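Below is one structure; the comments refer to it alone.
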Amino acid sequence: MRVVRSIPRLWRLIAGVVLVLVVLAGVYLIFGLRSRAAPQQPIEFNHQIMVSVGMECLYCHNTATRSPAAGIPSVEKCMGCHKVIATERPQVQELAGYWERQEPIPWVRIYRVPRFVFFNHSVHVNAAGLNCERCHGDVGNMVETYAVVDMNMGWCLNCHNQQSNASQLKDCVVCHR
Amino acid sequence: MAREFTRRDFLKLGAMGAATAVMAGCQPPRPWITLEPYVRPPEQQLAGVATWFASTCRQCPAGCGILVRIMNGRALKIEGNPDHPLNQGKLCARGQAGLQVLYNPDRLTGPVQQSQRGSRTYEPLAWEAGINTLYEKLAAAGGRVAVWTNSTVSGHLFDLFQRFSAAVGGPSPLVYDLYTGFNGYRLLADVSQELFGRAALPTYSLSHADVILSFGADFLGTGLSAVRYGREFGGFRSQPLGKRGYLVQLEPRMSISAAVADHWVPLRPGTEGLVAGALVQIIAEEELASADRAALAQSLIGGLDVGSIAAASDVPAEELLHLAHAFASASQAVALPGAALTGTDAGAEALAAVQALNLIAGTAGEASGLTLSPPSPSEAVLSPEPAAFSDMQALIEQMRAGQVQVLLVHGANPAYDLPEQVGFLDAVANVPFVASFAPIVDETALWADLILPDRTYLEGWGYALVSPSFDQPAVSGQQPVVTPVFDSRSTADILLTVARGIPAAAQALPWPHEVAFLQETVEQLGPGAAGGSGIDVLWTRFQQEGGWWPASPPEPEAPSLASAPTIQLQSPSFRGGEEEYPYHLYLYPSGLLSDGRGASQPWLQGSPDPMTTVSWQTWVELHPETAEELGVHDGDIVQVTSPEGELEAPVCVYPAIRPDTVAIPLGQGHTDYGRYARDRGRNPMQLVGAQADATGSSLAWSTLRVKIRPTGEKVALALFENKVGVTEGFLNAEFPH
Numbered sequence: 001m002r003v004v005r006s007i008p009r010l011w012r013l014i015a016g017v018v019l020v021l022v023v024l025a026g027v028y029l030i031f032g033l034r035s036r037a038a039p040q041q042p043i044e045f046n047h048q049i050m051v052s053v054g055m056e057c058l059y060c061h062n063t064a065t066r067s068p069a070a071g072i073p074s075v076e077k078c079m080g081c082h083k084v085i086a087t088e089r090p091q092v093q094e095l096a097g098y099w100e101r102q103e104p105i106p107w108v109r110i111y112r113v114p115r116f117v118f119f120n121h122s123v124h125v126n127a128a129g130l131n132c133e134r135c136h137g138d139v140g141n142m143v144e145t146y147a148v149v150d151m152n153m154g155w156c157l158n159c160h161n162q163q164s165n166a167s168q169l170k171d172c173v174v175c176h177r
Numbered sequence: 001m002a003r004e005f006t007r008r009d010f011l012k013l014g015a016m017g018a019a020t021a022v023m024a025g026c027q028p029p030r031p032w033i034t035l036e037p038y039v040r041p042p043e044q045q046l047a048g049v050a051t052w053f054a055s056t057c058r059q060c061p062a063g064c065g066i067l068v069r070i071m072n073g074r075a076l077k078i079e080g081n082p083d084h085p086l087n088q089g090k091l092c093a094r095g096q097a098g099l100q101v102l103y104n105p106d107r108l109t110g111p112v113q114q115s116q117r118g119s120r121t122y123e124p125l126a127w128e129a130g131i132n133t134l135y136e137k138l139a140a141a142g143g144r145v146a147v148w149t150n151s152t153v154s155g156h157l158f159d160l161f162q163r164f165s166a167a168v169g170g171p172s173p174l175v176y177d178l179y180t181g182f183n184g185y186r187l188l189a190d191v192s193q194e195l196f197g198r199a200a201l202p203t204y205s206l207s208h209a210d211v212i213l214s215f216g217a218d219f220l221g222t223g224l225s226a227v228r229y230g231r232e233f234g235g236f237r238s239q240p241l242g243k244r245g246y247l248v249q250l251e252p253r254m255s256i257s258a259a260v261a262d263h264w265v266p267l268r269p270g271t272e273g274l275v276a277g278a279l280v281q282i283i284a285e286e287e288l289a290s291a292d293r294a295a296l297a298q299s300l301i302g303g304l305d306v307g308s309i310a311a312a313s314d315v316p317a318e319e320l321l322h323l324a325h326a327f328a329s330a331s332q333a334v335a336l337p338g339a340a341l342t343g344t345d346a347g348a349e350a351l352a353a354v355q356a357l358n359l360i361a362g363t364a365g366e367a368s369g370l371t372l373s374p375p376s377p378s379e380a381v382l383s384p385e386p387a388a389f390s391d392m393q394a395l396i397e398q399m400r401a402g403q404v405q406v407l408l409v410h411g412a413n414p415a416y417d418l419p420e421q422v423g424f425l426d427a428v429a430n431v432p433f434v435a436s437f438a439p440i441v442d443e444t445a446l447w448a449d450l451i452l453p454d455r456t457y458l459e460g461w462g463y464a465l466v467s468p469s470f471d472q473p474a475v476s477g478q479q480p481v482v483t484p485v486f487d488s489r490s491t492a493d494i495l496l497t498v499a500r501g502i503p504a505a506a507q508a509l510p511w512p513h514e515v516a517f518l519q520e521t522v523e524q525l526g527p528g529a530a531g532g533s534g535i536d537v538l539w540t541r542f543q544q545e546g547g548w549w550p551a552s553p554p555e556p557e558a559p560s561l562a563s564a565p566t567i568q569l570q571s572p573s574f575r576g577g578e579e580e581y582p583y584h585l586y587l588y589p590s591g592l593l594s595d596g597r598g599a600s601q602p603w604l605q606g607s608p609d610p611m612t613t614v615s616w617q618t619w620v621e622l623h624p625e626t627a628e629e630l631g632v633h634d635g636d637i638v639q640v641t642s643p644e645g646e647l648e649a650p651v652c653v654y655p656a657i658r659p660d661t662v663a664i665p666l667g668q669g670h671t672d673y674g675r676y677a678r679d680r681g682r683n684p685m686q687l688v689g690a691q692a693d694a695t696g697s698s699l700a701w702s703t704l705r706v707k708i709r710p711t712g713e714k715v716a717l718a719l720f721e722n723k724v725g726v727t728e729g730f731l732n733a734e735f736p737h
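Chain order of the listed sequences is P and L.
The first sequence begins at 1 in the numbering used here and counts up by one.
The second sequence begins at 1 in the numbering used here and counts up by one.
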């Protein structure tokens, strides 16, 4: 009796493990891959062109050194240059359309940390001296902007652990306050 | 082989259930979030960094200072302003909910007109067209223009209304709303005038008091300045050297203030003044206080029979003696008058009896005791003083007689606030043109021909003279903290625009816009605690600090008797015979919805009442014994009938009430005023009728008797520990009550 029952139990164990793996793979496919895909933006915006003409990240995302948020440039700021530059391009004409209608551009967010995480750009740029690429990847070579990393807690801690003040930076309340 | 269901199987099944639950929680990923940057960013805005603006709360007339947190141009949170002399950083639930005044989805998105009053079909029109219509009607009406506004109107707009009315020869703007009417603001000021020679609201500092006798004053709920009294109460309970103070609350139904009291005396409704008089009488007779104070007591009161008062009020004579002893022997004793006392037919005498106790206590003007709210620091600063009930009735009579050509309604909602018998709706039908400035269509705007929505207080300019103000005069500043959410316009600007075209008014209102007028007012106030000189600095500091208050608080003014009155107290006369109407009716303003103006805000609707925990509804509080006699339980709908009106609402069995008393909160029963307020609960003001007190100052709403009849119907009450949760209270369609 015991021998007979032990075989299906093994199979059941294997089946269980396979099921768990399938579920995990599914979760990865849904959440993991989705985060890497480049979303459809309201205007086909190309970071590569901007960087190739010598623009700095901070020209547009100019609150990264002063604020928790790096900031998305206002329509007014885009139009500061695009009133005269590349006005024949369809994307720039789309931009001009937003400006004429005085409408904000509904840019799609690429990176997001949960609400209970207090992330501050200015500390990372000023105190830690990180450049933008360190976290955001080689945006200057991206035609379509996408997320290069999944910004989860393990990823944050990987870096925090390597710092000289790691004991402080590992404290929960550094981010969860 | 028959298998048994073993413990192991049970655990396996349990684990599967848990796994299913976890998987079910894994919803499809959230859709992408959009980030909308500014089209043109304001200069001082830094993405991700909040900006705080100082302003003034306008959810009740008190005038607390607030700080509003703004992120990317949106108001996110309202807090108390720690520098403000009135509320000192604190704020009540109503103040916190102010964001929903601003972002209410039922606000009008622009001016509208109604071709047929009450039709609820509003045709949008352009601002220019709306303002032109108003101009034409005002220009044609001459002096036959009446303005009906409320106690939370900004001082500058009230000032402009007054100048306009005076210029065209119309009656002064009428300030009448349920908040001040119910709480007896006018009567309080009238009694101050009679006793102390100055019509000002009394204030009571409690923080050093040994004994407080509160005659039905729900000073922690919806009193005259709940946040400040909350602070005072905090001080009262944590005095130096561990002194805690002794609070006695005398009222027929336990309010939140009675719940935190040391002793609750459930006296018979309407006898608060008699009990205060009896205490004066005992102090006089037994010479409990020092000789001069006992003499004062003797001079104030004319031979009351303590024994009959004990019988009338249902407070034993020994209890009265004990209270008189406690009050007279305290070195710092304070007596607080409540709203119910001002709502009797002889409210003035009852109020005078309570003030007499304060005079006998000898604490008037001291760190703990009665003072009078200081007068305005400048002639340029006006405060909308609530009108007497009889003044309001006089205007309604004029309207009915066709003497009013144009009625302008700003902030006030008389169609909801007033009992039907007062006759507002009949009278308004005889007014050829009615313009409302309501941001949300309320019961009064329903009867308007034209609605020109004003900005809400978080979008508009203004100031409020803090009233009642405790230790110093203070002018609380109001400024726009966000750009207007909808296409609304400041009523003050509209008035200035219209006045330009009316020859009589053009000279009286020469300002190009309201800010120019406000700046003049601030300039006349001069440097206060914030210092500075010159209009630019003064104006900036006024906005930055949240208002103006003096550099050093003046010495508190000790009110002294202007005359030597003898207070004549009589037993209250109740409407409705005891045989037919066996229960006393005790109304009270909801702690959250106050007089009904909070009903449009779902945060306030959904917050449980602090005593019964009911939300979203009107309920009828009955003592368990009474409920048993009537054979009703929680949720059973009863019909409450007074000689003046009737309503149906579910019962909430509430042990902390007298068995002969029925309590109903104000606030619900709106037929308009947005989706959260509409068709929800009942308005108990419809039980009250139109009788004023003997002086005509206030509506006599607290001396009514009612009868109760179970209807046999039942609804679920949305209260804690009931099957119906707070959210369902709103969602469930079966909640007409």
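Backbone N, C-alpha and C fix where the C-beta goes; we use that ideal spot for every residue, glycine too.
Computed from a predicted structure; not experimentally measured.
Exposure of residue i, with buried meaning 16 or more beta-carbon neighbours within 10 Å
i                      : result
residue 168 of chain P : exposed
residue 164 of chain L : buried
residue 708 of chain L : buried
residue 493 of chain L : buried
residue 748 of chain L : Because chain L is modelled from 1 through 737, residue 748 of chain L falls outside the range shown and cannot be assessed.
residue 172 of chain P : exposed
residue 40 of chain L  : exposed
residue 149 of chain P : exposed
residue 590 of chain L : buried
residue 40 of chain P  : exposed
Unbroken alpha helix (DSSP H) run spanning residue i, endpoints
i                      : result
residue 156 of chain L : 155-168
residue 159 of chain P : 153-160
residue 340 of chain L : 339-342
residue 227 of chain L : 226-237
Cross-strand partners of residue i (DSSP beta bridge)
i                      : result
residue 204 of chain L : L:370
residue 71 of chain L  : L:74
residue 636 of chain L : L:714
residue 107 of chain P : L:35
residue 113 of chain L : L:123 and L:450
Nearest-angstrom Cα separation, counted from residue j out to residue i
i                      : j                      : result
residue 252 of chain L : residue 377 of chain L : 40 angstroms
residue 280 of chain L : residue 189 of chain L : 22 angstroms
residue 304 of chain L : residue 283 of chain L : 12 angstroms
residue 647 of chain L : residue 121 of chain L : 28 angstroms
residue 71 of chain P  : residue 48 of chain L  : 8 angstroms
residue 136 of chain P : residue 111 of chain P : 9 angstroms
residue 249 of chain L : residue 206 of chain L : 14 angstroms
residue 180 of chain L : residue 73 of chain L  : 34 angstroms
residue 47 of chain P  : residue 225 of chain L : 57 angstroms
residue 8 of chain L   : residue 22 of chain P  : 25 angstroms
residue 30 of chain L  : residue 69 of chain P  : Below a pLDDT of 50, predicted positions are generally treated as unreliable, and residue 30 of chain L, at 49, falls in that range; the measurement from the model is reported next regardless. Going by the C-alpha atoms only, they are around 22 angstroms apart.
residue 297 of chain L : residue 705 of chain L : 33 angstroms
Residue range of the unbroken beta strand (DSSP E) whose run includes residue i
i                      : result
residue 246 of chain L : 246-250
residue 213 of chain L : 211-215
task = May I ask you to verify whether the segment 96-111 of chain L touches the segment 233-245 of chain L, counting CB pairs closer than 8 angstroms and requiring at least 3?
result = no
query = Given 8 angstroms as the limit, is there contact between the segment 500-516 of chain L and the segment 159-174 of chain L, that is, 3 or more CB pairs closer than that?
reply = Yes, they touch.
query = Per the contact definition of three or more C-beta pairs closer than 8 angstroms, is the segment 618-629 of chain L in contact with the segment 598-608 of chain L?
reply = no
request  = Spell out a yes or no on whether the segment 645-663 of chain L and the segment 697-715 of chain L are touching, meaning 3 or more CB-CB pairs, one atom from each, closer than 8 angstroms.
outcome  = Touching, per the Cβ criterion.
message = Would you call the segment 89-105 of chain L in contact with the segment 429-436 of chain L, where contact means no fewer than 3 C-beta pairs closer than 8 angstroms?
response = no
key: Cβ contact check for the segment 538-549 of chain L and the segment 458-478 of chain L: 3 or more pairs under 8 angstroms   = yes
query = Contact between the segment 216-231 of chain L and the segment 255-262 of chain L: three or more CB pairs below 8 angstroms?
reply = yes
query = Given 8 angstroms as the limit, is there contact between the segment 313-330 of chain L and the segment 270-278 of chain L, that is, 3 or more CB pairs closer than that?
reply = Segments in contact, yes.
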